[in-house]
DNA sequence: TATTGTTATACTCTATAACTATA
DNA sequence: TATAGTTATAGAGTATAACAATA
């Protein structure tokens, strides 16, 4: 797949994305999209109506977080993007007893979401099949060195994107 | 972010995803998710109600395809995943005169979707702002060499995933 | 009989704005 | 007055199954 070096009026004087970057970006999004679909199907089959977003929330709490819990707003910024959307998803997960919501001790406005034992159990049940799908779809054409290179390239990008103003920073009332 | 070398019963005897691969995968999905949200917002602001899926369809036709057209099923497999979903999106794009659908000449069951001049114009209008967002979110922490390395890593993955049995290969009627 | 695309329908998800409670 | 979270509501998007047309 080749893209013109200069696309849509973006000339070389104003150095923007060149063809290589555009190709990397499109490949990234296509891979992520196809991968998400493949994983979605696996979760549907093997985890009984666990959507990908819900799985992301569980992994975020169960694998990324050392305490197994996070604030609602932080979860919304990282995974779901809108507070109301997270309230909805957290409600579903809580109804399934996979997470629990408790008011924060210091600041009573905050709500802390924590993964339950049942949530960790489900995560452990799902992960083998999950990693099988990831291995088959994503890592099959890559060597171990490639995988490490990919991780090293994406880690700073993720950190950078996390540092950008999150959605929750946007003004909520315009008067 | 570190993950245990052996997760959820996946032992080392049955070599599955190791910690590095798991980290690369989670980073990939998080980056793609955050990026998609950022781009979605830009498209909403600058392209007047063009969703990301619709933008993907236009770029696929306008930049990826040499002829500017593709079969419905191929577009569905690559971007939208379900035929009916693509019919819906293609209907919206056609109503906006950004694509045109014509029955295929050889096989009259097939429908060919082609980007229109208006579609190409819109694409050209949107791309500068689009690339600006991509540059700021995705490529800012990367060097030019990093971008090339990323492209080189993801290209074979994309090709591999495209070669896997697509959604349209699944049986449609089970009796 | 298999394949392509559309349609009808139902459902999931997401977002905006209004609302409550706390800081 | 600002922030955290919830709720009501509405809209966009998606999927499944049934359908028509063509191979």
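Chains as they are written, first to last, in the working numbering: chain A, 223 to 397; chain B, 223 to 397. Glycine is no exception: its CB is placed at the ideal position from the N, C-alpha and C atoms.
Bridge pairing for residue 335 of chain B: B:292 and B:323 [DSSP]. Using a Cβ-Cβ cut-off of 7 Å, residue 369 of chain B is close to 242, 243 and 246 of chain A, given in chain order.
Distance from the CA of residue 272 of chain A to the CA of residue 339 of chain B, rounded to the nearest whole angstrom, comes to 42 Å. For residue 387 of chain B, no Cβ of chain A is located within less than 8 Å of the residue's own Cβ. Each residue's CA atom was taken as its position, placing residue 295 of chain A and residue 277 of chain B some 29 Å apart.
The beta carbon of residue 369 of chain B sits closer than 8 Å to the beta carbons of 361 from its chain, once the five residues preceding and following it are set aside; these are given in chain order. Taking 8 Å as the cut-off, the Cβ atoms of residue 363 of chain A and residue 378 of chain B count as close. 360, 361, 362, 363, 364, 368, 369, 370, 371, 372, 373, 375, 376, 377, 378, 379, 380, 382 and 383: these are the residues of the segment 360 to 384 of chain B whose beta carbon lies less than 7 Å from some beta carbon of chain A, given in chain order.
Using a Cβ distance threshold of 8 Å, residue 283 of chain A and residue 291 of chain A count as a contacting pair. Here the alpha carbons of residue 355 of chain B and residue 343 of chain B stand approximately 19 Å from one another. Cβ proximity to chain B below 8 Å picks out 300, 301 and 303 from the segment 298 to 327 of chain A. The distance from the Cβ of residue 275 of chain A to that of residue 302 of chain A is about 6 Å, consistent with a contact at the 8 Å cut-off. Any Cβ of chain B closer than 8 Å to the Cβ of residue 252 of chain A would place that residue at the interface, and such an atom is present. Here residue 251 of chain A is near residue 254 of chain B, since their CB atoms are less than 8 Å apart. In terms of CA proximity to residue 324 of chain A, A:334 leads the group A:317, A:334 and A:316. By the beta-carbon neighbour count (other beta carbons within 10 angstroms, threshold 16), residue 247 of chain B is buried. Around the CB of residue 367 of chain B, fewer than 16 other CB atoms lie within 10 Å, so the residue is classed as exposed. Contacts with chain A at 8 Å (Cβ-Cβ) do not include residue 283 of chain B. Counting other Cβ atoms within 10 Å of its Cβ, residue 329 of chain A stays below 16 and is therefore classed as exposed. Straight-line measurement puts the Cα of residue 270 of chain B at about 36 Å from the Cα of residue 332 of chain A.
Assigned with DSSP and collapsed to three states, residue 386 of chain B falls in coil, not helix or strand. Between residue 371 of chain A and residue 375 of chain B, the CB-CB gap stays under 8 Å. The shortest CA-to-CA distance from residue 287 of chain B to any of B:257, B:336 and B:389 is the one to B:336.
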